[in-house]
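> Could you have a look at this structure, given as structure tokens, before my questions?
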Amino acid sequence: MWRIPKTEHKNLKIPTVAKSGFFWFVLLLLIVCSVLYLPTVTSVSSSVDGRELPIYCVETPKKQVALSFDAAWGNEDTQTLLDILAKYNVHATFFMTGGWADSYPEDVKRILAAGHDLGNHSQNHKNMSQLSDEDCKQELMSVHNKVKELTGYEMFLFRPPYGDYDNHVITNARDCGYYPIQWDVDSLDWKDYGADSIVQMVTQNEHLGNGSIILMHNGAKYTKDALETVITTLQGAGYELVPVSQLIYRDHYHMDHEGRQIPDSK
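Spelled out as structure tokens, the structure:
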């Protein structure tokens, strides 16, 4: 058995910090700190019968709904929409493509400065379910980094173009730090049926209720003409209009088969 030679053993000194117990105190402190600063583990379940679901709406006792606008083409009406929202003290969510952000960077800044959410609508507005995992993430992170560089804002809400998704689209979005967002009330404003049709499709929609997410488009022909009546009608019915970020749960939730986000306490 190997032993320290007596001559070396005689001169071997135990460090003072170890003798004093300070060494063990420092070690314990490091262990405690490492536990305290571990990343928070959240409880989230988005899978229903093997399907990964985005958030279509939210279960909440509050009479709140969220207005959202997809921005993929044109900006002629953007300032008008912002003025109407400001008039009624309403904050919404704008899901923008990278191409739209490239074309209208000052609008991106104005939307954020007005207190609205900036959401990710992909770089090129492709059908995400047809892309590889790598391309999905590239579509997300390209516009993410662009908007962050432009405004300093870290987007975390994602709406798939065309509402097109499958399991791998949802899991890739979550891997990139995003909450995938759909809608349960569609204004169909993109069909250009007119302002009255938009108002009816939103305010008389069979799915409208607490926690609804309403889909509109900032570039649709009649959206600006319908928005004020949509807002006043919803407010008249007792609804508070909030951005998607304020409506959804960030953790401790699960989904039902309709894509309704439900807090785990229920």
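Counting with the UniProt record's numbering, you get residues 1 to 266 for the letters of the sequence shown.
Think of the CB as a built atom: it goes at the ideal place given N, C-alpha and C, for glycine as much as any other residue.
So, are the CB atoms of Y222 and G194 less than 9 angstroms apart?
As a working note, residue 222 is residue 222 in the sequence shown. As a working note, residue 194 is residue 194 in the sequence shown. Yes; because the gap between Cβ atoms is below 9 angstroms, this pair is in contact.
> Taking just the CA atoms, how far does L67 sit from T60?
The count along the sequence shown starts at 1 and reaches residue 60 at position 60. The count along the sequence shown starts at 1 and reaches residue 67 at position 67. Approximately 16 angstroms, taken between the alpha carbons.
> T233 to D264, Cα distance in whole Å?
Position 233 of the sequence shown, counted from the first residue, corresponds to residue 233. Position 264 of the sequence shown, counted from the first residue, corresponds to residue 264. Looking at the two C-alpha atoms, the distance is approximately 32 angstroms.
> Where in the region 144-194 do unbroken runs of the alpha helix (DSSP H), each at least 4 residues long, occur, reported from the N-terminal end onward?
167-175
> Return the CA-CA distance between K109 and A173, expressed in angstroms with no decimal places.
One-based indexing of the sequence shown puts residue 109 at position 109. One-based indexing of the sequence shown puts residue 173 at position 173. One C-alpha to the other measures close to 24 angstroms.
> Counting only runs that start and end within the region 46-71, where is the beta strand (DSSP E) found for 3 or more residues in a row?
64-71
> Going by DSSP in three states, R250 sits in which element: helix, strand or coil?
For the purposes of this step, residue 250 is taken as residue 250 along the sequence shown, with counting starting at 1. In the structure shown, R250 sits in coil (DSSP, three-state: anything other than H, G, I, E or B).
> For the region 96-104 and the region 239-259, state whether three or more C-beta atom pairs, one from each stretch, are separated by less than 8 angstroms.
no
> Might you give, ordered along the chain, the residues of its own chain that have their beta carbon closer than 7 angstroms to the beta carbon of K19, omitting 5 neighbours on each side?
Position 19 of the sequence shown, counted from the first residue, corresponds to residue 19. Confidence is the limiting factor: at K19 the pLDDT is only 46, short of 50, which leaves the residue's position unreliable, though a coordinate-based value still follows. Here the set comprises nothing.
> What three-state label does DSSP hand D225 in the structure shown?
Your numbering for residue 225 matches position 225 in the sequence shown. DSSP places D225 in helix when its eight states are reduced to three.
> Give a yes or no on contact between the region 119-137 and the region 78-92, applying the rule of three or more CB pairs nearer than 8 angstroms.
no
> Please say whether S187 and L215 have beta carbons closer to each other than 9 angstroms?
The residue labelled residue 215 in the question sits at position 215 within the sequence shown. The residue labelled residue 187 in the question sits at position 187 within the sequence shown. Taking 9 angstroms as the cut-off, the beta carbon of L215 is found closer than this to the beta carbon of S187.
> Here's the rule I'm using: 16 or more other beta-carbon atoms within 10 Å means buried, otherwise exposed. How should Q204 be labelled?
As a position in the sequence shown, residue 204 is number 204, starting the count at 1. Answer is exposed; the Cβ neighbour count stays below 16.
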